[in-house]
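For the working numbering, add 17 to where a residue sits in the sequence shown, where the first one is 1.
What follows is one structure encoded as structure tokens, with my remarks underneath.
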Amino acid sequence: MVSRLCLGSMTWGSQNTAEEAFSQIDYALDHGINFIDTAELYPTTPSAAETSGGTERIIGAWLERSGRRGEVVLATKIAGAGNRNVRPDGAPIGPATLRTALDGSLKRLKTDHVDLYQLHWPNRGSYHFRRNWTFDPTRQPDGQAEEFHAILETLAGFVAAGKVRHVGLSNESAFGLATCLELARRHGLPRIVSLQNEYSLLHRIFDLDLAEMCHHEHVGLMAYSPLAAGLLSGKYEDGIVPPGSRASINPTLFGRRSAASAPVVTAYVALARQHGLDPAQMALAFCMSRPFMASTIIGATSMRQLATDVAAAELKLSAEVMEGIAAIHRRHPIPL
């Protein structure tokens, strides 16, 4: 079983030092979180070729120093096609890149296995990362099922060798998930157990087809950016950009911070304060209340922020708060 909250790690090695990351991991484990998510391309904000893999090295150093590997459910991800920070040629996910990537991750993490190995994004592209307005699946090449089959066969080898316990997808669609599930059924290949997609009060497209599919197929959502890169914490109110924040490095927060989202953020923050709630905790508690949620991924650059986020696991939202959230969502269904 994994904890309701998962500790994200993408700032470790960029906005956070190794020692700060160690403190975050210690705090999280001591407060009931047993799940850590990372990726071969981390850290981000910013992302660069010379820093790729740095976060996994930090986690590996902590595992080696602490001796607490048995207490952690460890997840990492292989980068999809087009990322030249990880692979200079931007090679897609396939049998060869999977073998190289997994061995590299295991070496950096200083472990003989990962509990969850995920495909960070599909080779064919997707509507995630604010690409939903220009998404055109008719441009995707044929042969997607064959590509997935080769990937799943390679992952099956990892599972048989004991290097990977479970496999998951990320930034995927209903088509990609359905294809993988059917191939697994038909050929006895590893079954997808999780889908790591963006989900927050501002970004709820998962509520439609993917929620239905995940319910019937028993696939859990791992929600990333549940605070919409910090917007829902209220720290960017009135146009304020705190020094060292993500918006001080990426002003639009990868397209989330805009004129369209601003009034919606204001409405949710005001709702939280109207009911005496911390805005970040309300946003996280909402995510954790969703019936399809396996774990909600939190990320923090300070211990104070981490403590606030971790405490959200104890919060149950009242009917009045949920009604307020529903009313705002009806007025602003897709602000991102």
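Beta carbons: idealized from backbone N, C-alpha and C, even for Gly.
Local Cβ density within 10 Å of residue i, reported as buried at 16 or more and exposed below that
| i | result |
| --- | --- |
| residue 94 | buried |
| residue 145 | buried |
| residue 101 | exposed |
| residue 295 | buried |
| residue 335 | exposed |
| residue 243 | buried |
| residue 341 | buried |
| residue 331 | exposed |
| residue 99 | exposed |
| residue 291 | exposed |
| residue 276 | exposed |
| residue 274 | buried |
| residue 165 | buried |
| residue 225 | exposed |
| residue 21 | buried |
| residue 221 | buried |
| residue 263 | buried |
Distance, residue j Cα to residue i Cα
| i | j | result |
| --- | --- | --- |
| residue 179 | residue 78 | 22 Å |
| residue 219 | residue 311 | 19 Å |
| residue 309 | residue 228 | 7 Å |
| residue 112 | residue 148 | 27 Å |
| residue 258 | residue 353 | 20 Å |
| residue 129 | residue 55 | 16 Å |
| residue 117 | residue 349 | 44 Å |
| residue 247 | residue 176 | 36 Å |
| residue 223 | residue 182 | 26 Å |
| residue 260 | residue 267 | 12 Å |
| residue 62 | residue 137 | 17 Å |
| residue 360 | residue 88 | The chain is shown from 18 up to 353; residue 360 falls before or after that span and cannot be answered. |
| residue 25 | residue 315 | 5 Å |
| residue 108 | residue 280 | 40 Å |
| residue 194 | residue 141 | 13 Å |
| residue 85 | residue 235 | 30 Å |
| residue 172 | residue 207 | 7 Å |
| residue 168 | residue 110 | 8 Å |
| residue 72 | residue 119 | 15 Å |
| residue 265 | residue 346 | 28 Å |
| residue 200 | residue 210 | 14 Å |
| residue 343 | residue 285 | 11 Å |
| residue 300 | residue 293 | 13 Å |
| residue 115 | residue 245 | 30 Å |
| residue 278 | residue 203 | 43 Å |
Sheet register partners of residue i (DSSP bridge)
| i | result |
| --- | --- |
| residue 23 | 314 |
| residue 52 | 90 |
| residue 212 | 186 and 238 |
| residue 134 | 93 and 184 |
| residue 33 | 29 |
| residue 217 | 220 |
Pick from the options that is closest to residue i, judged by C-alpha positions
| i | options | result |
| --- | --- | --- |
| residue 133 | 239, 165, 331 and 346 | 239 |
| residue 91 | 29, 23, 60 and 113 | 23 |
| residue 250 | 288, 205, 266 and 221 | 288 |
| residue 121 | 58, 342 and 88 | 58 |
| residue 68 | 277, 103 and 279 | 103 |
| residue 197 | 170, 338 and 71 | 170 |
| residue 217 | 261, 173 and 351 | 351 |
| residue 80 | 185, 131 and 60 | 131 |
| residue 19 | 150, 138, 27 and 53 | 53 |
| residue 189 | 215, 339 and 202 | 215 |
| residue 154 | 66, 191 and 245 | 191 |
| residue 31 | 333, 317 and 345 | 317 |
| residue 64 | 164, 86, 29 and 345 | 29 |
| residue 241 | 319, 135, 313 and 346 | 313 |
| residue 66 | 106, 339 and 49 | 106 |
| residue 5 | 231, 173 and 206 | Because the chain in this structure spans residues 18 to 353, residue 5 falls outside the shown range and cannot be described. |
| residue 282 | 319, 50, 252 and 237 | 252 |
| residue 237 | 254, 307 and 278 | 307 |
| residue 135 | 339, 186 and 152 | 186 |
Cβ-heavy atom distance, residue i to the ligand FAD, below 7 Å
| i | result |
| --- | --- |
| residue 167 | The ligand FAD is not part of this structure, which contains no ligands at all. |
Pairing CB atoms from the segment 325-333 with CB atoms from the segment 31-38, are three or more of them under 8 Å?
no
Would the segment 155-162 count as touching the segment 45-53 if we require 3 or more Cβ pairs under 8 Å?
no
Whether or not the segment 115-133 and the segment 72-86 are in contact is what I'm after, with contact meaning three or more pairs of Cβ atoms, one per stretch, closer than 8 Å; do they touch?
yes
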